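Engineer:
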Amino acid sequence: MKTKLRGAKRAATLGAIALAALSLQPVAAAAAPDPGPQPGERVVGGTPAKQGEFPFMVRLSMGCGGSLYAKDIVLTAAHCVDGSGNNTSITATAGVVDLRSSSAIKVKSTKVLQAPGYNGKGKDWALIKLAKPIDLPTLKIAKDTRYNNGDFTVAGWGAAREGGAQQRYLLKATVPFVSDAQCKAAYGNELTPAEEICAGRLAEGGVDTCQGDSGGPMFRKDDAGAYIQVGIVSWGNGCARPQFPGVYTEVSTFAADIEKAAAGL
Ligand code: ARG
């Protein structure tokens, strides 16, 4: 089972499967008042990110994460958006770890491009064009498979435990690469290995992205020491459960498509 759909549409599609804990679904945007990270509440198993540590991180108003692909384009998950076309309904918040900070940069969307052919399985990427550029560093994307290994960083304002509340402060965590074979052992044919890359602590669990982190980046350092995005938070069976890694859109697979789409947005 997997949790990846947005709302009723996908729930209907998946039927009984959607009842399970696999969740691709963004969380409701208006989070309840939240006191911030609690001691021991660590994304799941994470720690608070420092202000400016991941300047490319974006929070989207429908309850998803994203990354600055260009100063005026956010890369997120296809399941976080409703389709393609003009769209002024999304607000991107950037430049802060604290979503309630008065220095938060907030910019509206103008257009959305959902991955062509997206139908809820694989291809979980989308671009959001912003009304004006945000003057912050962007996150480059992996164009080939050479960084699809090792330890990855994930970050987001999503739930800090399965079923938990959205977070006011950005959390980060480190998750190791999980091979397609091991990931397939967990998810069978729900996994699309050529389009998805898995990460998590297989044996122990305890560290993972979770609801509301969707669309945010999974990244690492490249050979030159610069951050490079290898994944987009997509889905998983619950959060941080042993034997059930997080599933991420394999960015390298779609890098050329993303580049082309961004050029035409
Ligand atoms: N689909 C979720 C969302 O929309 C992300 C779930 C990630 N789950 C996981 N176990 N890594 O926010």
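The sequence shown lines up with residues 15 to 279 when you count with this note's numbering. The C-beta atom is built at its ideal place from N, Cα and C for all residues, glycine as well. None of the values given here were measured: they were computed from a predicted structure.
Tell me the DSSP bridge mates of ASN100?
Structural biologist: Paired residue(s): LYS125.
Engineer: Specify the secondary structure class of ALA46 as computed by DSSP and reduced to three states.
Structural biologist: With a pLDDT of only 41 at ALA46, under the threshold of 50, the placement of this residue in the model should not be trusted, and no figure is reported.
Engineer: Within the present structure, is the beta-carbon of TRP139 separated from the nearest heavy atom of the ligand ARG by less than 7 Å?
Structural biologist: Flag unset: Cβ of TRP139 not near the ligand ARG.
Engineer: For MET232, which beta-bridge partners are listed by DSSP?
Structural biologist: Bridge partners of MET232: VAL168 and GLY245.
Engineer: In chain order, what residues of the same chain lie with their CB nearer than 7 Å to the CB of ALA276, ignoring the 5 residues before and after it?
Structural biologist: Contacts found: TYR83, ALA84, ILE87 and LEU141.
Engineer: What is the rounded straight-line gap between the Cα of ARG215 and the Cα of VAL265?
Structural biologist: Taking the straight line from one Cα to the other gives about 21 Å.
Engineer: Hey, would you say GLY79 sits closer than 8 Å to GLY170, going by beta carbons?
Structural biologist: In this structure, GLY170 lies closer than 8 Å to GLY79 by Cβ.
Engineer: Please name the residue in LYS154, ALA145 and ARG73 whose C-alpha comes closest to that of ALA238.
Structural biologist: The shortest Cα separation from ALA238 among LYS154, ALA145 and ARG73 belongs to LYS154.
Engineer: If I measure Cβ to Cβ from ALA118 and keep anything under 8 Å in the same chain, skipping five residues before and after, which residues do I get?
Structural biologist: Once the five neighbours on either side are set aside, the close Cβ partners of ALA118 are THR107, ALA108, GLY109, VAL110 and ASP112.
Engineer: Do LYS125 and LYS143 count as a contact pair if the criterion is CB distance below 8 Å?
Structural biologist: Result yes, Cβ atoms of LYS143 and LYS125 sit closer than 8 Å.
Engineer: In chain order, what residues of the same chain lie with their CB nearer than 6 Å to the CB of PHE166, ignoring the 5 residues before and after it?
Structural biologist: Here the set comprises VAL189, ALA213, MET232 and ARG234.
Engineer: Smallest Cα separation from GLY250: which of GLU273, ALA200, ALA270 and ALA208?
Structural biologist: Closest by alpha carbon: ALA200.
Engineer: Quick check on GLN225: buried or exposed, where buried means 16 or more other Cβ atoms within 10 Å of its Cβ?
Structural biologist: Buried: at least 16 other Cβ atoms inside 10 Å.
Engineer: By the DSSP assignment, the alpha helix (DSSP H) with TYR201 in it spans what residues?
Structural biologist: Per DSSP, TYR201 belongs to the alpha helix (DSSP H) from 194-201.
Engineer: Taking the alpha carbon of LEU74 as the point to measure from, which residue in GLY229, GLY245, GLY252 and ARG255 has its own alpha carbon closest?
Structural biologist: Looking at the Cα atoms, GLY229 is the closest of the given residues.
Engineer: Look at the alpha carbon of ARG160 and the alpha carbon of ALA269, and state the distance between them as a whole number of angstroms.
Structural biologist: ARG160 and ALA269: Cα-Cα distance of roughly 13 Å.
Engineer: Looking at the structure shown, is PHE191 part of a helix, part of a strand, or coil, going by DSSP?
Structural biologist: Three-state DSSP puts PHE191 in a strand.
Engineer: Hey, how far is the Cα of GLN52 from the Cα of GLY252?
Structural biologist: Note that GLN52 scores 39 on pLDDT, short of 50, meaning its location in the model is unreliable; the coordinates nonetheless yield the value given after this. Each residue's alpha carbon lies about 21 Å from the other.
Engineer: Under 7 Å: does the beta carbon of ASP227 sit that close to some heavy atom of the ligand ARG?
Structural biologist: Yes; taking the cut-off as 7 Å, the Cβ of ASP227 has a heavy atom of the ligand ARG nearer than that.
Engineer: Identify whether GLU210 lies in helix, strand or coil by the three-state DSSP scheme.
Structural biologist: In the structure shown, GLU210 sits in a strand (DSSP, three-state: E or B).
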